[in-house]
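Student: The number in the numbering used here is simply the position in the sequence shown, starting from 1, with 10 added. Note that the Cβ used here is the ideal one computed from N, Cα and C, for glycine as well. Pasting in a structure now, in structure tokens, and then I'll have a few things to ask.
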Amino acid sequence: MNLHSVLAFAVALLVQPALAQEREWSFDANEDEAFMIFGVPESDDVGVSFWCSLRSGRIRLFIPEASEKLEADKSAAFDVIVGGKTFKQSGKTMPNEEAGTTSIEGEVAVADPMFSELKSASHFELKVEGEVQAFPLAGAEFDTLLKDCGGT
11 MNLHSVLAFA
21 VALLVQPALA
31 QEREWSFDAN
41 EDEAFMIFGV
51 PESDDVGVSF
61 WCSLRSGRIR
71 LFIPEASEKL
81 EADKSAAFDV
91 IVGGKTFKQS
101 GKTMPNEEAG
111 TTSIEGEVAV
121 ADPMFSELKS
131 ASHFELKVEG
141 EVQAFPLAGA
151 EFDTLLKDCG
161 GT
């Protein structure tokens with residue numbers, strides 16, 4: 011590879027991340043549900059989402075790409091790790107054919123202490139079948155989500 015090719019390759023690597031939009035937290039609600047999603051706006055790229063039926067007292071946690079090791083349509087355990095504390099959760103798996111992996115969705119009570127930890131943390135981790143994914147919490151609107159999802 012000559013110097014010109016090396017420089018062109020290096021510039022291409024530096025420019026590529028600038029063109030890609032990064033994931034961020036967004037909040038949306040309608041008359042029936044509230045959604046807080048960590049993903050790329052206006053796309054199908056979602057890392058994790060929290061959603062609920064309004065005033066249900068329960069929040070669903072959805073992990074679209076949980077693990078290739080999970081079987082679809084089964085119950086499975088996963089951990090939410092926040093501030094050094096581990097919150098054991100369980101959920102239902104489903105195939106994610108687009109990503110070639112398995113998704114999982116669990117349901118947690120609004121009053122669960124996990125949400126107090128999430129509100130004050132800078133990031134959290136999800137551990138499924140030994141695989142860990144980390145997510146920042148800057149911009150996450152847990153106060154609004156908890157208020158909208160809280161029971162009547």
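What did DSSP end up calling Ser66 once you bin it into helix, strand or coil?
Tutor: Judged by DSSP in its simplified three-state form, Ser66 adopts coil rather than helix or strand.
Student: What residue range is occupied by the uninterrupted alpha helix (DSSP H) comprising Glu81?
Tutor: Per DSSP, Glu81 belongs to no alpha helix (DSSP H) and is neither H nor E.
Student: May I ask you to list the residues that DSSP assigns as paired with Leu71?
Tutor: Phe60, Gly116
Student: Touch check for the region 56-73 and the region 38-45: three-plus C-beta pairs under 8 Å?
Tutor: yes
Student: Specify, as a first and last residue, the run of the beta strand (DSSP E) that Leu128 falls within.
Tutor: That residue, Leu128, is in no beta strand (DSSP E); its alpha helix (DSSP H) goes 123-130.
Student: I need the DSSP call for Gly147, collapsed to helix, strand or coil.
Tutor: A small correction: the amino acid at residue 147 is Leu; Gly does not occupy that position in the sequence shown. Residue state, collapsed to three classes: coil.
Student: From this set, Val138, Arg68, Phe134, which residue's C-alpha is nearest Ala144's C-alpha?
Tutor: Phe134
Student: According to DSSP, is Asp38 part of a helix, a strand, or is it coil?
Tutor: strand
Student: Just to confirm, are Lys79 and Asp89 a CB contact at a threshold of 8 Å?
Tutor: The Cβ atoms of Lys79 and Asp89 lie no closer than 8 Å to each other.
Student: Does the beta-carbon of Val169 have 16 or more other beta-carbons within 10 angstroms, so that it is buried, or is it exposed?
Tutor: Residue 169 is absent from the model: the chain starts at 11 and stops at 162.
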